[in-house]
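Quick notes on the structure that follows.
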Amino acid sequence: MVSATTIKLDSDGNGSHLVELENAHCAVPEVAASVKRLIPCLVRPVILRRCLAQSTILPSTVPAIPHFCRRRYATSPVADRAEKLPTSASNGVSEPYQLVENDLALIYSDIKSELNCDLPELVELAQYYFSTHGKAFRPMIALLMAAVCGKHRGGLPQNVVQKQRKVAVIVEMIHTASLIHDDVIDEAATRRNQPSLHKVWGEKKAILTGDYILSVASRELARLRNPEVIICLSQIIEDLVKGELMQLGSKDPAATGRLATYLSKTYHKTASLMANGCKAVAILGGCTPELVERSFLFGKNLGMAFQLVDDNLDFISSAEEMGKPTSVDMELGLATAPVLFAAEKASDLDALIARRFRGPGDVLKAKQSVMEHGGVEQTKMLAASYSQEAVSQLSAFAESEEREALVKLADMVLDRTK
573 MVSATTIKLD SDGNGSHLVE LENAHCAVPE VAASVKRLIP CLVRPVILRR CLAQSTILPS
633 TVPAIPHFCR RRYATSPVAD RAEKLPTSAS NGVSEPYQLV ENDLALIYSD IKSELNCDLP
693 ELVELAQYYF STHGKAFRPM IALLMAAVCG KHRGGLPQNV VQKQRKVAVI VEMIHTASLI
753 HDDVIDEAAT RRNQPSLHKV WGEKKAILTG DYILSVASRE LARLRNPEVI ICLSQIIEDL
813 VKGELMQLGS KDPAATGRLA TYLSKTYHKT ASLMANGCKA VAILGGCTPE LVERSFLFGK
873 NLGMAFQLVD DNLDFISSAE EMGKPTSVDM ELGLATAPVL FAAEKASDLD ALIARRFRGP
933 GDVLKAKQSV MEHGGVEQTK MLAASYSQEA VSQLSAFAES EEREALVKLA DMVLDRTK
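Laid out in structure tokens, this is it:
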């Protein structure tokens with residue numbers, strides 16, 4: 573029997589739980605020993621303590637070895653006693669993008685068609701960011717999760733599949749509208765290796781363009797004629813606004829609450845869209861409440877991992893690789909996870925964070941401190957834990973090529989360089 577303290581990594585009430593194995597107590601000696609050996613490849617207790625929004629005790633179970641530990645480190649007897657998780661992605665698993673490539677092409681074609689109107693300039697503005705698809709990460713997740721739900725249920729009627737695809741369209745439209753608005757707020761010069769929309773047409777037209785795309789997304793959402801899905805996807809827009817306001821920071825949290833606030837902001841700005849997109853396709857697919865929740869948690873945890881990796885790339889990738897400027901968060905006065913973790917060891921960072929990196933040389937000093945004090949590495953570890961939690965949600969679904977593609981996608985999120 574194992575009892576373990578678990579920590580919620582956010583404060584939104586729907587948090588995933590990560591096991592703090594250092595505090596585990598096990599009646600099976602070989603399992604206990606294996607657990608202790610795994611501690612170096614797990615998130616350090618200090619990370620979990622600083623992520624603490626609130627704590628709870630889960631039922632006594634043997635904790636499963638995180639997927640990323642099995643793939644990148646070693647296995648142990650714990651794995652044999654744990655809930656069977658989807659296997660690590662192998663060479664035999666199709667590339668996630670390839671599985672939905674045709675559907676993605678249709679999605680972007682549908683988006684451009686839906687954005688057509690009787691004002692040519694508005695059409696040009698609205699389609700500008702869709703001329704390059706970026707990573708197409710969010711619609712790809714929705715499409716793959718829709719297929720996973722369909723395979724689990726032994727197939728779905730074509731009209732249901734079409735509605736699920738429409739969710740991917742809506743998700744991508746909401747995401748792109750938020751990018752347009754964010755670029756205005758952040759005064760970003762480039763996006764997807766091209767000038768930001770507001771740099772070409774001005775801020776007023778950019779804001780109106782984002783509003784127009786949201787209006788079209790709302791129209792398509794209404795056409796789904798499913799109140800539960802409408803509420804679900806409308807929540808994304810609410811969360812985006814809340815997350816942006818949290819990022820603007822009307823009141824800076826105390827040092828002890830900075831990371832919890834950052835993670836909550838990350839959920840609202842990034843993970844909510846992926847979580848609710850996955851939830852919506854599961855609802856449309858007629859999944860049980862448990863599977864709907866699992867779908868939500870998969871998207872939520874993958875979204876958290878995605879953003880943590882993105883915050884790391886701001887420190888270790890070039891602007892050419894990213895397709896957008898780097899170090900922009902600190903230039904805007906924002907302290908992301910790498911900085912907050914480094915501040916645990918470098919108290920001089922507190923002053924820089926407090927004055928939002930506005931002093932001479934603050935950004936460079938902070939970058940150096942992050943690299944010297946393991947901020948990037950600790951952020952990687954936390955991202956890997958979220959990725960594992962995402963993968964664990966897939967164990968309830970029937971095996972399928974698309975399910976394994978989602979497992980592979982969770983790996984790819986951790987390994988991406990742009």
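Numbering (this note's numbering), first residue to last: 573 to 990. Ideal Cβ placement from N, Cα and C applies to all residues, glycine included.
1) Using a Cβ-Cβ cut-off of 7 Å (strictly less than) and excluding sequence neighbours within five positions of Arg975, which residues of its own chain qualify?
2) Hey, is the segment 805-816 in contact with the segment 825-841, meaning 3+ C-beta pairs nearer than 8 Å?
3) Of all the alpha helix (DSSP H) runs that stay within the bounds of the segment 683-752, which reach a length of 4 or more residues?
4) Using the rule of at least 16 other Cβ atoms within 10 Å of the residue's Cβ for burial, across every protein chain shown, is Glu862 buried or exposed?
5) Under 7 Å between the Cβ atoms of Val985 and Phe878?
6) Which full runs of the alpha helix (DSSP H) of 4+ residues lie inside the segment 918-983, going along the chain?
7) Would you mind reading off the limits of the alpha helix (DSSP H) that contains Arg795?
8) May I ask which residues mark the beginning and end of the alpha helix (DSSP H) holding Ala847?
9) Can you name, in chain order, every residue of its own chain whose Cβ lies under 7 Å from the Cβ of His753, other than the five neighbours on each side?
10) Count the other CB atoms within 10 Å of the CB of Gln730; is the residue buried (16 or more) or exposed (fewer)?
11) State buried or exposed for Lys990, treating a residue as buried only when at least 16 other CB atoms are found within 10 Å of its CB.
12) Where does Arg866 sit, in a helix, a strand or coil, going by DSSP?
13) Less than 7 Å between the C-beta atoms of Asp883 and Ala909, yes or no?
14) Buried or exposed: Leu936, going by 16 or more other Cβ atoms within 10 Å of its Cβ?
15) CB-CB under 6 Å to Asn873, same chain, minus the five flanking residues each way: which ones, in chain order?
16) From the DSSP output, in three-state form, read off Arg763 for me.
17) Please report the straight-line C-alpha distance between Ser867 and Ile746, rounded to a whole angstrom.
18) Can you grab the Cα-Cα spacing for the pair Val571 / Ala760, in whole Å?
19) Would you please state the rounded distance, in angstroms, between the beta carbons of Tyr669 and His705? I believe it to be under 8 Å.
20) Consult DSSP for Ala914 and reduce its assignment to one of helix, strand or coil.
21) I need the straight-line Cα distance from Gly858 to Glu775, nearest angstrom please.
22) For Ser768, which of helix, strand or coil comes out of DSSP?
23) Please state whether DSSP places Leu904 in a helix, a strand or coil.
Reading from the atomic positions:
1) Translated into positions along the sequence shown, residue 975 becomes position 403. If we look at Arg975 and ignore the five residues flanking it on each side, its Cβ neighbours are Pro658, Val720, Leu966, Phe969.
2) The answer is yes - the segment 825-841 touches the segment 805-816, with three or more Cβ pairs under 8 Å.
3) 692-699, 709-724
4) Here residue 862 is taken as the residue at index 290 of the sequence shown, counted from 1. Exposed.
5) Numbered from its first residue, the sequence shown carries residue 985 at position 413. Numbered from its first residue, the sequence shown carries residue 878 at position 306. Yes, they are a contact pair.
6) 921-926, 934-944, 947-965
7) By 1-based counting over the sequence shown, the position of residue 795 is 223. 775-795 is the span of the alpha helix (DSSP H), which, as asked, contains Arg795.
8) Within the sequence shown, the letter at position 275 stands for residue 847. Residues 844-856.
9) Walking along the sequence shown from the start, residue 753 turns up at place 181. For His753, where only same-chain residues beyond five positions count, the Cβ hits under 7 Å are Ile779, Gly782.
10) The residue you call residue 730 lines up with position 158 of the sequence shown. When all chains shown are included, Gln730 counts as exposed.
11) As a first step, residue 990 is located in the sequence shown; it is residue number 418 there, counting from the start. By the neighbour-count rule (16 or more Cβ atoms within 10 Å), Lys990 is not buried but exposed.
12) In the sequence shown, residue 866 corresponds to position 294, counting from 1. Three-state DSSP puts Arg866 in a helix.
13) By 1-based counting over the sequence shown, the position of residue 883 is 311. By 1-based counting over the sequence shown, the position of residue 909 is 337. Contact flag set, yes.
14) Here residue 936 is taken as the residue at index 364 of the sequence shown, counted from 1. Exposed, because fewer than 16 other Cβ atoms sit within 10 Å of the Cβ of Leu936.
15) Position 301 of the sequence shown holds residue 873. The residues are Ser588, Tyr958, Glu961, Ala962.
16) Within the sequence shown, numbered from 1, the residue matching residue 763 stands at position 191. Arg763 falls in the strand class under three-state DSSP.
17) Reading the sequence shown from its first residue, position 295 is the one you call residue 867. Reading the sequence shown from its first residue, position 174 is the one you call residue 746. Rounded to whole angstroms, Ser867 to Ile746 spans 19 Å at the Cα level.
18) Residue 571 lies beyond the range of the chain shown here (573 to 990); nothing can be said about it.
19) By 1-based counting over the sequence shown, the position of residue 669 is 97. By 1-based counting over the sequence shown, the position of residue 705 is 133. With 8 Å as the limit, Tyr669 and His705 do not qualify as a contact, their Cβ atoms being about 11 Å apart.
20) Within the sequence shown, the letter at position 342 stands for residue 914. Three-state result, Ala914: helix.
21) Here residue 858 corresponds to residue number 286 of the sequence shown, with the count starting at 1. Here residue 775 corresponds to residue number 203 of the sequence shown, with the count starting at 1. Spanning the two alpha carbons is a distance of roughly 42 Å.
22) Taking the sequence shown and counting its residues from 1, one reaches residue 768 at position 196. The answer is coil: DSSP assigns Ser768 none of H, G, I, E or B.
23) Residue 904 sits at position 332 when you count from the first residue of the sequence shown. If DSSP states are grouped into helix, strand and coil, Leu904 belongs with coil.
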